[in-house]
Each structure stands twice: as structure tokens, then as C-alpha cells.
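Chains as they are written, first to last, in the numbering used here: chain A, 3 to 386; chain B, 34 to 344; chain C, 9 to 274.
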């Protein structure tokens with residue numbers, strides 16, 4: 003419907019406070035037109051509030067929201083070319099599917115909606131259900147109605163607030179692909195809010211990780227995973243093993259660190275913290291990057307790899323891989339994922355083992371942070 | 034009273050639950066405009082009359098010469114010393130009716146909530162349906178049911194129930210009509226649905242699996258009821274007893290239609306003073322005393338039962 | 009032995025059914041006695057079967073006039089209380105404002121007050137103002153005591169409404185007025201209907217407050233009250249029975265429609 007390419011969403015210095023509680027700290031963010039952008043964070047981190055400010059459902063305490071060249075900060079939601087797929091869908095229970103989808107068109111005074119609605123229902127494969135009421139549909143079908151209801155308006159930006167949160171795991175995976183396909187097809191900017199890191203990584207081309215009302219890091223999923231810059235990102239996206247270490251020396255673009263009695267090497271380019279000799283750094287490594295060798299074969303470990311010794315405390319078999327928990331002097335619970343290719347039967351709880359990985363897979367973080375930030379605990383899960 | 038406590042809770046800071054608190058000047062007035070007509074109505078026709086009545090109760094004078102506020106608190110003392118039996122009867126009759134309502138209503142509410150199955154809606158309708166026949170007509174029907182020498186009185190006599198109630202002072206001789214028993218019976222009947230419905234509402238909310246869980250944990254059906262079902266139905270018990278006791282204690286219709294001059298309750302006195310004798314200060318004082326008595330009892334009861342989420 | 013066990017198992021059911029019988033007995037009596045041909049002025053003793061009252065329900069002076077007055081009053085009181093109560097309910101649920109606690113108490117107190125107290129104080133006010141007792145004073149009183157019940161019914165419904173639905177409407181290009189008409193009102197309708205129904209029933213059946221505020225005007229409950237002192241015509245039972253039957257039929261019809269709708273679910 004619109005031909006201008008002003009689909010960038012630009013947030014400049016927007017913030018939201020409720021009394022003394024700051025939900026979103028002043029925030030600058032640009033979502034390029036046509037991208038699939040994800041806001042990722044735990045519940046209460048301010049991601050939904052940010053989304054609601056883009057939709058116009060929440061007035062920012064400061065800052066502006068622009069779509070392309072247009073400042074929409076003061077526009078009420080019904081005047082913004084933005085539509086939302088709400089958490090748990092918010093389908094109108096008193097209207098049938100057809101009328102739900104036609105709602106936006108009718109409100110804009112469009113008289114002949116039948117053709118468009120039918121087409122849209124075909125796109126989401128719900129042509130047969132047009133005259134049913136929302137409660138007569140399954141969760142996945144309701145989700146698609148919510149999507150159709152928003153997309154039919156050809157918004158400049160589509161906002162998705164935990165759109166898959168209410169679906170079971172299998173359906174969620176399927177809908178992740180589906181959403182990706184639809185986004186490529188319609189080419190509309192998607193801004194997607196989620197607490198599920200896997201969902202954000204599989205679907206979005208850019209992810210902003212939010213924590214306590216601030217964006218911690220922004221980048222492609224690959225970049226965020228491989229080069230986390232804060233402990234929160236390192237722990238919230240996947241799992242990280244973090245070791246507190248002391249900077250020993252620098253040589254040829256590498257930093258040499260002391261951790262316990264051993265030495266670890268970290269490429270200087272992958273260290274996001276200033277490293278001066280004698281200073282402290284958190285050394286991180288992803289569990290799947292680590293190899294595990296029984297202590298009897300310690301001599302076989304190639305030279306030049308970072309290595310740590312420890313005792314296996316627990317193992318669990320997950321099918322694709324086996325997860326080991328290793329107690330070492332530098333880290334009480336080192337997590338290692340080993341692919342089930344050649345399983346060493348000696349690697350059982352109680353066995354001594356050597357953990358080793360390529361220095362290139364090591365990243366460095368500022369040691370002045372909470373080492374456990376972003377680690378999901380059982381209580382937090384239960385609270386969701 | 035829940036409405037009172039609920040009001041004190043601070044608004045949740047959760048950003049996900051939007052309550053409109055617009056900073057725009059016009060939007061801030063919206064709730065007040067919405068409230069204005071209804072609240073004004075209640076202030077003028079409910080709160081203000083209470084004040085008028087309070088002032089009337091301390092006035093002296095006569096209908097012909099007009100009344101003046103003279104802070105004549107003796108009216109209260111006179112009213113109380115003259116009409117304390119009626120007040121006592123109000124509390125006793127309403128109290129007995131409330132207990133009877135609870136005893137009779139609980140099994141029925143339990144039946145509807147857990148045992149009625151596909152008949153549930155039908156039984157519920159049968160509980161509510163009598164409301165559509167004017168309660169005065171239904172109360173008059175009790176005159177027929179409890180008529181002297183009728184089958185009900187005959188049966189009660191044969192079972193020696195009347196001997197027991199007679200000994201308790203609830204009946205006199207072979208009569209039920211025009212005795213306290215008839216009044217209590219009428220009150221119980223009239224306010225029974227007000228007991229059953231809140232009981233049903235709170236019983237219905239109880240997860241049926243709790244019964245299974247209790248059984249699984251070695252509780253006998255009776256223990257399950259005592260330790261699980263009944264405590265969980267407490268909100269219903271409390272609001273049911275209040276919804277029964279309050280109107281019953283102010284009622285004068287049952288005492289008038291089914292009772293005698295010996296069964297007059299506070300409501301009868303107020304009614305007579307106001308509409309027949311036209312002694313407004315005494316009537317106002319009586320009405321104020323009744324209100325105060327009920328508010329005190331209700332407040333104590335709510336404190337004691339510890340349930341605050343009513344209404 | 010088996011009988012004893014059966015009784016024990018179904019004790020609750022038996023007790024419940026006995027209570028139900030107690031509740032319905034007067035209605036049975038009212039219905040039966042609507043076919044009575046009483047000797048004398050009072051219809052308390054069974055004489056002979058007759059359908060006279062049913063063929064001539066308005067045959068008693070003033071009865072049908074009082075009935076129509078009660079229906080009119082109930083209709084207006086329902087309208088007034090529903091409009092005012094719905095507004096208050098929305099304000100209480102949807103907005104934060106000062107004096108919330110005071111408003112809540114003002115809503116709660118009329119429900120916790122014996123009718124006779126409210127009636128007496130309202131009469132005091134009317135007398136003090138020198139108001140002419142009649143239709144208008146009754147209507148004022150009825151709106152007053154129905155209001156709280158409407159607020160409670162509508163409030164419960166509005167509280168359970170998902171605020172996201174209205175946000176979705178605003179997001180889908182509905183302005184404030186359209187959002188209210190197209191989404192808010194239809195969603196709140198069941199609560200408003202329940203409140204209105206309750207208000208109608210309360211107003212139509214009210215005696216105590218009406219008795220104080222009516223002056224010489226006679227509503228249907230007052231007619232019944234008066235006849236209890238002077239003589240009860242059979243027509244009272246006819247009207248009581250007819251209303252009972254009509255109400256039950258209405259509810260049953262509604263239930264059948266509802267069931268059919270439910271069965272359409274896949």
C-alpha cells in the first residue's frame with residue numbers, strides 16, 4: 003500500500019518510568035526496514051514496554067519514536083501504521099474469525115473486505131474456519147488468526163509480543179519456520195519480543211538482548227553467541243563456562259592468563275575488557291567447544307590448547323550429545339557437551355579428566371560483573 | 034468489606050498490566066465524570082439520609098409544632114429501655130435463621146457443586162426461580178402450610194417435635210403459626226437462597242482433585258470435608274451468613290405475617306413508629322441503634338472469621 | 009445393611025433434596041391455591057377446584073394497576089441503576105484515582121444495611137425536604153439500592169476482561185469511541201445484563217423500602233401486603249404462578265439455546 007521506503011523504526015532516547023520504577027532506561031535503537039528484529043530478555047526486562055511504546059500503547063517518559071522520517075511519538079495507536087500480534091493473541095471473542103481479520107480494514111472505512119480477508123485466510127491456511135469463533139480454534143490456529151489480523155493491514159512494522167509463548171514445543175518450532183517464511187514473503191519489518199533465546203536466534207537476523215531496562219548487546223545471533231560482551235549475554239544465550247583469571251602477559255595479539263596453577267591463552271581481539279598485566283578478566287568458553295580426555299591419556303592432548311584438569315561429577319545423556327559436569331579448581335561446575343561419536347567408557351562420574359579447547363574459542367569479559375548474571379534459576383522459571 | 038481492603042493495595046508497578054493513568058489533563062478527569070452521577074446519587078439518597086436521621090434522632094418536638102435539634106440523647110435510652118425485647122428477638126430470630134440456613138443450605142450447595150452432574154443447572158434454576166414469585170405471596174403460602182390442624186403441624190405433633198420446641202419456648206401448644214418458630218421458619222425460607230448461592234460459588238471453585246488428593250493422603254471422607262472442603266468454602270460461609278443475617282435482622286414482614294404481637298422484631302417497631310405513630314425521633318433512634326448493632330456484629334464477625342475477600 | 013450404606017453414601021444428596029423441597033414447597037402451594045375457590049376473604053384453606061381466577065386475573069380492583077406500576081418502576085429503576093452502576097464499575101476497574109476507598113465503601117454499605125434502616129432514613133430525608141411521596145420517590149429509592157448490585161455484577165465482568173482486547177482494537181485503527189462500541193461494550197454485555205436482571209428483580213419484588221417511600225401509591229408487593237390484612241384474592245396466586253412459570257421457561261429456553269451453541273463446537 004505504501005511505496006515510500008521509510009520503514010526504519012528509530013527509537014531515540016526513549017525511556018519509561020512508572021513512579022520510581024524505571025522499566026526502560028533511555029534507549030537508542032534503529033531497526034532497519036525489512037529486517038526481522040528480536041528483543042530478547044527475561045520477563046520484566048523492559049522488552050514488552052519497548053514494544054508497546056512503538057505500538058503507541060504506552061507513552062514514553064522521554065525520547066521519540068520515528069517510523070522512517072515521521073515522528074510518531076504523539077500519535078495514538080489507531081493512527082500508527084503499526085500492528086501487533088499480542089501475547090495470547092487477544093482475538094475478539096465476540097467476533098468470528100472473518101470479522102476478527104476484517105476488523106482493521108473496516109475501521110479504516112474500507113467497504114469491500116471480503117476478497118482481501120479470504121486471501122489472507124488462505125495465506126495462513128484458515129479459509130475453512132472463517133465463520134468459527136476464536137474459542138473453537140486450536141492454539142496454533144488462533145496464533146495464525148492473530149497474525150492474519152495484523153498482516154492484512156499491510157503495516158510498516160509488525161510487532162510480535164511473545165507470539166509463540168502459548169504454544170507447545172513442537173508447534174512452536176513449526177511456527178518459527180512459518181513466521182520466517184511469511185516475513186520473507188511480505189517483506190515487512192518484524193519486531194519480535196521473546197524470552198526464548200533459541201526462538202530469537204533461529205528467527206531473527208538481529209537480536210537485541212535486554213536486561214533490567216537496558217540493551218546489553220545487539221548483533222546477529224552468531225555474533226552474540228560467539229562474542230558475548232557481558233556475563234549476562236554469555237549466560238542468557240546458551241551456556242558459558244566462566245573462569246576468573248589474572249592477566250599474566252601479552253604476546254603477539256594473545257593474552258596469557260593465570261587461572262589456578264594453569265595458564266590460559268585468549269586472543270586479545272576477543273577480549274571485551276581492558277587487559278593490563280596483573281588485572282583480572284573473566285575467561286569464557288562454550289561447552290560444545292571443549293574436548294574431554296581421560297587423565298590417563300593426558301599426554302595425547304595437543305600442545306597449544308587451553309587445558310584444565312578436574313574430576314567428572316555428573317553426566318547426562320541427551321541423545322545428540324552427552325553433557326558432563328566437571329569439578330575443577332578454577333570453576334566448580336564446568337559444563338562440557340560432547341557429541342556422541344566415539345564415547346570413552348572411562349568418562350564416568352568420579353573419573354579424572356583433562357578439558358582442553360582451542361584458544362581461538364576463548365572469549366574474555368570484564369571481571370567486575372556478576373559472574374552468574376543471566377543464569378536462569380529454578381525459582382525464576384517457576385515465577386514465569 | 035473486601036472492597037475496603039482492596040482499595041488500600043498499591044497499584045502494581047508491572048508494566049505488562051496496563052491501567053490507564055494518562056498524564057494528559059483531560060484523560061485524568063475521566064474516572065471522576067464516570068463516578069459523578071452514581072456517587073452523587075448514593076451520597077444524596079443514601080449517605081445524606083443517614084445524617085438526617087442521626088439529627089432527627091436527637092430532636093424533640095411534635096408533628097404539629099415541628100422538630101428542633103436539642104441533642105436529646107434520652108430518646109436513645111428510652112427507645113432501648115422500652116424496646117429491648119424486640120431488639121433481642123431480632124438478634125435471636127435472625128441468628129437462628131442464619132444457623133438454620135447454613136445447616137440446610139450447605140448440603141444443597143454441596144450437592145449442586147459436586148454431586149448434581151448434568152442436573153447442576155436445573156437445580157440452580159430451581160433455587161433461583163422462586164424469586165420470581167413475589168416473596169410476600171410465598172410468605173403468605175406459609176400461612177397455609179403451617180395452618181392449625183394442617184398436615185405439617187399434625188406431623189410435627191406426632192413426632193413430638195412440638196413438645197421440644199414448646200419446651201424451648203418456640204411454640205405454644207398445638208400451634209405453629211403466630212409463634213417464634215413460624216417466624217424463624219419464614220426467615221430461614223426467605224433468605225436461604227442468599228446462603229446457598231455464595232456457598233455454591235465458593236464450593237464450585239474448589240478443585241475436585243483436592244478431594245482425591247486428600248483421599249490419597251489417608252483422609253476419610255468426613256476428614257476431607259472437615260480439613261479441606263469446609264475451610265476452602267469459608268469465604269462462601271462468611272458472605273452467606275452476612276447476606277442472611279443482615280437482611281433477616283431488619284426484616285419485619287415475616288414477623289408480621291407469620292407471627293403475633295409476641296414476636297415483634299426491631300423492624301416492626303421502626304415501621305410502626307415511622308408509618309403509624311409518626312414518632313420520628315424515636316423511630317430514627319431505633320433505626321440508628323439497629324444499624325449500629327449490625328455494623329458492630331458484622332465487623333467483629335469478619336475480624337474473627339479472618340476472611341476479607343467478600344463481595 | 010445395603011440400604012444403610014446407600015443412605016450413608018447419599019446422605020448429602022438426600023439432605024440437599026430436602027432443602028430443595030423446602031425451597032419449592034411454597035411455590036407448589038401458591039400454584040395449587042391459584043385454582044382454589046375460597047369461602048370468605050382469605051385464600052388459606054382449600055375448598056373447591058376452580059379456574060375462575062385464571063380466566064379473570066384482573067378481576068380484583070387495583071391489582072393489575074399495581075402490577076403495571078411495579079413493572080414500570082422496575083423498568084425505569086433498572087435503566088437508571090444499570091447506566092449509573094456500569095459507569096461506576098468501569099471507573100473502579102479501569103482507573104486509579106483518589107477517594108477510591110471512599111467510593112468502594114459507599115458502594116458496599118447499602119448492601120450491608122438492613123432495608124428498614126435505609127427506608128427509614130430515606131423517608132426522613134423526603135419528609136425534611138417536603139417531597140411529595142409517590143412514583144418519583146419510589147424510583148429514587150429503587151435506583152439507590154439497585155445501584156450497588158449492578159456495580160458488583162459489572163465490576164466482576166469488567167475485571168475478568170482482558171485489557172489487551174481493547175489495545176488490540178486500538179492497534180487495529182479503532183478510535184476511542186469505536187473501541188468502546190465495537191469491543192468494550194459487547195464484551196461487558198453479559199455482566200451488564202446480569203446486573204440489569206438483578207436490578208429488575210430487586211426493584212420489582214421490593215416491599216420494605218417501597219412501603220416507606222410510596223405514600224399512597226400502591227405497587228404490586230404493597231397490594232399483596234394490603235390484601236394480607238384485608239383479604240387475599242386468588243388472583244394474587246395466579247400472578248405469582250404465572251411469573252414463576254414464565255421465568256422458568258425463559259431460563260430453560262436460554263439454556264437450550266446455549267447448549268445447542270456449545271454442541272456446535274468441534
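Even for Gly, the Cβ is constructed at its ideal location relative to N, Cα and C. From a predicted model like this one, the values you see are computed outputs, not experimental measurements.
C-alpha distance - residue 62 of chain A paired with residue 220 of chain A, whole-angstrom precision: 21 Å
Residue span of the beta strand (DSSP E) that contains residue 24 of chain A, given as start and end: 23-33
Should residue 105 of chain C be flagged as near chain B, meaning a C-beta pair shorter than 8 Å? yes
Thinking C-alpha only, which one of B:225, B:268, B:245 is nearest residue 257 of chain B? B:245
Buried or exposed, going by whether 16 or more other CB atoms sit within 10 Å of the CB of residue 16 of chain C? exposed
Chain C within 8 Å of residue 156 of chain A, Cβ atoms only: no
CB residue 68 of chain C to CB residue 241 of chain C, shorter than 8 Å? yes
What three-state label does DSSP hand residue 264 of chain C in the structure shown? helix
Taking 7 Å as the limit between beta carbons, can you name the residues of its chain near residue 327 of chain B, skipping five residues before and five after? 279, 282
Could you check whether residue 283 of chain A and residue 376 of chain A sit closer than 8 Å to each other, using their CB atoms as the reference points? no
Can you tell me whether DSSP reads residue 104 of chain B as helix, strand or coil? coil
Just to confirm the assignment: which complete alpha helix (DSSP H) runs, minimum length 4, are found wholly within the segment 135-220 of chain A? 141-153, 171-188, 199-205
Euclidean distance between Cα positions of residue 204 of chain B and residue 294 of chain B: 14 Å
Only counting runs of 3 or more residues, tell me where the beta strand (DSSP E) segments fall wholly within the segment 215-256 of chain A, in order along the chain. 216-221, 243-253
Beta-carbon separation of residue 34 of chain A and residue 65 of chain A under 8 Å? no
Quick one: give me the first and last residue of the beta strand (DSSP E) that residue 264 of chain A is part of. 264-269
Other residues of its chain near residue 229 of chain A: CB distance less than 7 Å, five sequence neighbours each side excluded: 272, 365
Can you list, in chain order, the residues of its chain with a C-beta nearer than 7 Å to that of residue 89 of chain A? Leave out the 5 residues immediately preceding and following it. 163, 164, 167
Any idea what DSSP makes of residue 176 of chain B, helix, strand or coil? helix
Under three-state DSSP, which class holds residue 131 of chain B? helix
Using DSSP with H/G/I as helix, E/B as strand and the rest coil, what is residue 43 of chain B? Summary for residue 43 of chain B: the model assigns pLDDT 39, below 50, so the residue's position carries little reliability; its value from the coordinates is reported in the next sentence. It is coil, neither helix nor strand.
Looking only at its own chain, which residues have a Cβ that is under 6 Å from the Cβ of residue 232 of chain A, when we skip the five neighbours before and after it? 218
May I ask you to report which of helix, strand or coil DSSP gives residue 434 of chain A? Given a span of 3 to 386 for chain A in the structure shown, any question on residue 434 of chain A remains unanswerable.
Who are the near neighbours of residue 216 of chain C in its chain, counting only those whose CB is closer than 8 Å to its CB and skipping five residues on each side? 123, 124, 127
Quick check: the Cα distance between residue 382 of chain A and residue 45 of chain A, rounded to an integer number of angstroms? Reliability of the predicted coordinates at residue 382 of chain A is poor, the pLDDT of 49 falling under 50, and the value obtained from them is presented with this limitation in mind. Those two C-alpha atoms are separated by around 9 Å.
Show which residues of chain A have a CB atom less than 7 Å away from the CB atom of residue 191 of chain C. 94
Do you know how far the Cα of residue 77 of chain B is from the Cα of residue 358 of chain B? Limits of chain B in this structure are 34 at one end and 344 at the other, which puts residue 358 of chain B out of reach.
Where the alpha helix (DSSP H) through residue 116 of chain C begins and ends: 108-116
Can you pull the chain C residues whose beta carbon is under 8 Å from the beta carbon of residue 313 of chain B, in chain order? 132, 135
Looking at chain A, is there any beta carbon in it that lies within less than 8 Å of the beta carbon of residue 52 of chain C? no
Would you say residue 175 of chain C lies against chain A (beta-carbon separation less than 8 Å)? yes
Taking the beta carbon of residue 251 of chain B as the centre, do at least 16 other beta carbons fall within 10 Å, making it buried, or is it exposed? exposed
For the segment 223-243 of chain C and the segment 162-180 of chain C, state whether three or more C-beta atom pairs, one from each stretch, are separated by less than 8 Å. no
Mind pulling the beta strand (DSSP E) runs of 3 or more residues that sit fully within the segment 78-118 of chain A? 84-87
Report the option in C:155, C:83, C:43 whose CA atom is closest to the CA atom of residue 111 of chain C. C:155
Rank B:188, B:266, B:73, B:270 by C-alpha distance to the C-alpha of residue 114 of chain C and give the top, closest one. B:73
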